[in-house]
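Asks: Heads up: the sequence shown runs through residues 2 to 496, numbered per our numbering.
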Amino acid sequence: MKMPVPDSTVIARRDEIIAAVKAIVPGDGVIVDEDALRVYECDGLTAYHQLPLIVVLPETVGQVSKILKYCHDAGVKVVPRGAGTSLSGGALPVADGITLAMGKFNKILEIDWENRCVVTQPGVTNLALTGAVQHKGFYYAPDPSSQIACSIGGNVAENAGGVHCLKYGLTTNNLLGVEMVLMNGEVVRLGGRHMDSEAYDLLGVATGSEGLLGVITEVTVRILQKPEIAHALLIGFPSNESAGDCVAAIISAGIIPGGMEMMDRLATKASEDFVHAGYPLDVEAILIVELDGPGAEVAHLIERVRDIAETCGAVSVRVSESEAERLKFWAGRKAAFPAVGRLAPDYYCMDGTIPRHRLAEVLSAIRQMTGRYGLDVANVFHAGDGNLHPLILYDANNPGELEKAEAFGADILTLCVEVGGVLTGEHGVGVEKRDLMGTMFDETDLAHQERLKCAFDPGGLLNPGKVFPTLHNCAELGRVHVKSGQTRFPDIPRF
Numbered sequence: 002m003k004m005p006v007p008d009s010t011v012i013a014r015r016d017e018i019i020a021a022v023k024a025i026v027p028g029d030g031v032i033v034d035e036d037a038l039r040v041y042e043c044d045g046l047t048a049y050h051q052l053p054l055i056v057v058l059p060e061t062v063g064q065v066s067k068i069l070k071y072c073h074d075a076g077v078k079v080v081p082r083g084a085g086t087s088l089s090g091g092a093l094p095v096a097d098g099i100t101l102a103m104g105k106f107n108k109i110l111e112i113d114w115e116n117r118c119v120v121t122q123p124g125v126t127n128l129a130l131t132g133a134v135q136h137k138g139f140y141y142a143p144d145p146s147s148q149i150a151c152s153i154g155g156n157v158a159e160n161a162g163g164v165h166c167l168k169y170g171l172t173t174n175n176l177l178g179v180e181m182v183l184m185n186g187e188v189v190r191l192g193g194r195h196m197d198s199e200a201y202d203l204l205g206v207a208t209g210s211e212g213l214l215g216v217i218t219e220v221t222v223r224i225l226q227k228p229e230i231a232h233a234l235l236i237g238f239p240s241n242e243s244a245g246d247c248v249a250a251i252i253s254a255g256i257i258p259g260g261m262e263m264m265d266r267l268a269t270k271a272s273e274d275f276v277h278a279g280y281p282l283d284v285e286a287i288l289i290v291e292l293d294g295p296g297a298e299v300a301h302l303i304e305r306v307r308d309i310a311e312t313c314g315a316v317s318v319r320v321s322e323s324e325a326e327r328l329k330f331w332a333g334r335k336a337a338f339p340a341v342g343r344l345a346p347d348y349y350c351m352d353g354t355i356p357r358h359r360l361a362e363v364l365s366a367i368r369q370m371t372g373r374y375g376l377d378v379a380n381v382f383h384a385g386d387g388n389l390h391p392l393i394l395y396d397a398n399n400p401g402e403l404e405k406a407e408a409f410g411a412d413i414l415t416l417c418v419e420v421g422g423v424l425t426g427e428h429g430v431g432v433e434k435r436d437l438m439g440t441m442f443d444e445t446d447l448a449h450q451e452r453l454k455c456a457f458d459p460g461g462l463l464n465p466g467k468v469f470p471t472l473h474n475c476a477e478l479g480r481v482h483v484k485s486g487q488t489r490f491p492d493i494p495r496f
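1. Is DSSP giving GLY260 helix, strand or coil here?
2. If you follow the beta strand (DSSP E) that ALA286 is in, where does it begin and where does it stop?
3. Measure the beta-carbon distance from LEU52 to GLU42 and round it to whole angstroms, keeping in mind my assumption that it falls under 8 Å.
4. Using a Cβ-Cβ cutoff of less than 8 Å, which residues in the same chain neighbour ALA250 once the five nearest sequence positions on both sides are dropped?
5. Since I believe ARG327 is in contact with ARG223 (beta carbons under 8 Å), could you give me their beta-carbon distance rounded to a whole number of angstroms?
6. Within 10 angstroms of the Cβ of VAL483, are there 16 or more other Cβ atoms? Answer buried if so, exposed if not.
7. What are the start and end residues of the alpha helix (DSSP H) that includes TYR395?
8. Based on the DSSP output, what are the partners of VAL119 in its beta bridges?
9. Cα separation between GLY162 and SER272?
10. So, do the stretch 460-470 and the stretch 203-218 have three or more beta carbon pairs nearer to each other than 8 Å?
11. Nearest-angstrom Cα distance between GLU362 and ALA96?
12. Please report the residue range of the beta strand (DSSP E) in which SER317 lies.
13. Nearest-angstrom Cα distance between THR173 and HIS428?
14. Pick out the complete beta strand (DSSP E) segments inside the stretch 340-422, 3 residues or longer, and give them in chain order.
15. Could you tell me the distance, in whole angstroms, from the CA atom of VAL481 to the CA atom of HIS73?
16. Which of helix, strand or coil does DSSP assign to HIS50?
17. For ASP29, count neighbouring Cβ atoms within 10 angstroms of its own Cβ and tell me buried if that reaches 16, exposed if not.
18. Below 8 Å between beta carbons: does that hold for ALA268 and ASN156?
19. What span of residues does the beta strand (DSSP E) with ARG190 cover, start to end?
20. Under three-state DSSP, which class holds ALA37?
21. According to DSSP, is ASP265 part of a helix, a strand, or is it coil?
22. For MET263, does the count of other Cβ atoms within 10 angstroms reach 16, so buried, or fall short, so exposed?
23. With DSSP run on the structure shown, which of helix, strand or coil describes SER152?
24. Determine, using beta carbons only, whether ALA131 and ILE153 come nearer to each other than 8 Å.
25. Kindly give me the distance between the Cβ atoms of ILE393 and GLY410, rounded to whole angstroms, as I take these residues to be in contact under 8 Å.
26. Please classify MET196 as buried or exposed, where buried requires at least 16 other C-beta atoms within 10 Å of its C-beta.
27. Taking the beta carbon of GLY372 as the centre, do at least 16 other beta carbons fall within 10 Å, making it buried, or is it exposed?
28. Would you mind working out which of LYS270, ALA254, ASN185, VAL248 sits nearest GLY260, comparing C-alpha positions?
29. Excluding the 5 residues flanking LEU110 on each side, which residues of the same chain have their C-beta closer than 8 Å to its C-beta?
30. Just the Cα atoms here: how many angstroms apart are HIS473 and GLU444?
31. Does the Cβ-Cβ distance between ILE149 and LEU128 come in under 8 Å?
32. What is the DSSP secondary structure of THR440, counted as helix, strand or coil?
33. Determine the DSSP secondary structure at VAL481, reduced to helix, strand or coil.
34. Report the three-state DSSP secondary structure of GLU229 (helix, strand or coil).
35. Measuring only the C-alpha atoms, how far is ARG15 from SER9?
36. Return the first residue and the last residue of the beta strand (DSSP E) that LYS78 is part of.
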């Protein structure tokens with residue numbers, strides 16, 4: 002894994018940069034002490050770390066604008082950071098740049114009940130949005146497993162999903178508008194409280210842009226009314242393949258569950274030991290299928306899903322009998338990542354997406370890779386939309402195991418692309434998948450994507466080293482072949 006070569010001239014100007022930024026953000030809003038900086042040296046992808054030059058915690062849009070304008074004029078790189086829960090290294094610092102931590106932007110600004118939307122600052126957690134509106138029967142639909150900690154600004158940057166995105170969509174499907182500060186300090190608004198814009202879909206461009214185009218300072222999301230009723234089916238299968246076949250069969254029958262999640266035996270046991278959700282431990286895989294809507298419709302769909310599951314070889318079917326039991330089923334799934342963390346000193350979390358009908362095939366291939374690499378994998382899937390989260394277990398204390406886990410993960414993601422899928426479903430490219438972009442895009446594809454980046458940030462100062470496998474000069478990209486002006490990345494320090 003590689004990152005841009007640090008600019009020694011910028012590092013030499015550290016005292017000057019600190020003084021300039023402290024003039025914009027007074028008090029304790031600028032962190033310079035090495036021990037304090039270590040809090041920010043990595044995000045959720047903990048295998049890689051890098052101390053930032055400094056960390057700045059702005060409190061107002063004006064401060065963000067002035068900081069970016071200063072960095073633009075002074076040629077200083079900036080890495081935006083939300084809650085730091087990214088699993089792709091999206092908030093990994095650079096040694097010659099400022100980490101702009103948006104944690105103090107933590108207030109919900111307005112709840113607009115008439116337009117069914119919420120205007121919020123980007124540092125508000127995902128779960129806090131639902132907490133603010135649930136007393137009137139509303140909720141915010143995207144629900145990543147890290148929703149108790151992840152921030153809504155980071156959700157926009159990565160286009161986060163969650164266990165209920167199958168029916169209710171990803172962040173992009175629930176986002177109405179953003180306020181964003183560009184690298185030159187200009188403040189722009191994209192979208193608003195309306196459902197669509199008459200102009201270019203720049204909101205769509207900003208969503209999932211991984212901090213490469215601007216810094217988000219305000220977000221407007223739509224909220225939904227809670228369904229009349231919801232029940233979850235907990236279904237056990239004798240094999241991963243039979244569970245995968247059931248996923249495809251449910252969707253092909255025209256049924257769109259609120260959520261449909263799958264876990265293999267290893268992940269199921271870890272989650273059950275951690276949460277005690279009542280999962281069966283004598284099966285190879287479980288599906289959690291949630292059906293919501295009017296009571297009569299849900300009752301009908303429960304029986305249809307039960308019949309499909311039994312046809313696919315299910316050995317157990319259990320329907321939640323209360324809201325508490327339904328939430329317990331989901332608590333186990335949402336705790337799967339920390340639960341698996343108890344199985345090994347480290348794990349490498351993958352995030353690829355495949356066509357649903359290839360699920361059984363891909364699961365079989367991953368099992369074969371397990372034998373080849375000699376590393377265990379706990380499989381957790383947003384099965385309904387084909388988003389895979391294989392968790393590769395390893396011990397970084399053993400020489401070569403991290404490299405082996407990386408190679409294993411690269412093979413899984415390459416397989417996802419080969420079967421007609423994509424490199425990421427919701428975690429983003431960051432540094433984790435950056436060097437695999439060539440498996441999905443050729444040089445012309447990547448050059449056009451970089452040209453979009455150049456339109457927003459011609460100096461390449463925002464979140465450098467992420468997404469693109471090479472660095473190119475923006476002027477060169479505009480008129481010559483993509484190979485001109487490219488720079489390779491040096492290695493990222495590892496833990």
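Even glycine gets a Cβ: it sits at the ideal position worked out from N, Cα and C.
Replies: According to the structure shown:
1. strand
2. 286-294
3. 5 Å
4. ILE309, THR312, CYS313
5. Wrong, their Cβ atoms sit about 24 Å apart, outside the cutoff.
6. Unreliable placement is indicated for VAL483, whose pLDDT of 40 sits below 50; the coordinate value is still reported in the next sentence. It is buried - the Cβ of VAL483 has at least 16 other Cβ atoms within 10 Å.
7. Per DSSP, TYR395 belongs to no alpha helix (DSSP H); it is in the beta strand (DSSP E), 388-395.
8. ILE112, VAL222
9. 21 Å
10. yes
11. 43 Å
12. 317-320
13. 14 Å
14. 347-350, 378-383, 388-395
15. Note that VAL481 scores a pLDDT of 41, beneath 50, so its modelled location is shaky; the value from the coordinates is reported in the next line. If I take the Cα positions, the gap works out to 25 Å.
16. coil
17. exposed
18. no
19. 188-192
20. helix
21. strand
22. buried
23. strand
24. Going by the sequence as given, residue 131 is Thr instead of Ala. No.
25. 6 Å
26. exposed
27. exposed
28. VAL248
29. VAL120, THR121, GLN122, GLU219
30. 12 Å
31. yes
32. helix
33. Low per-residue confidence applies at VAL481: pLDDT is 41, beneath 50, and the placement is therefore not dependable, though the value from the model is reported in the following sentence. It is coil, neither helix nor strand.
34. coil
35. 10 Å
36. 78-82
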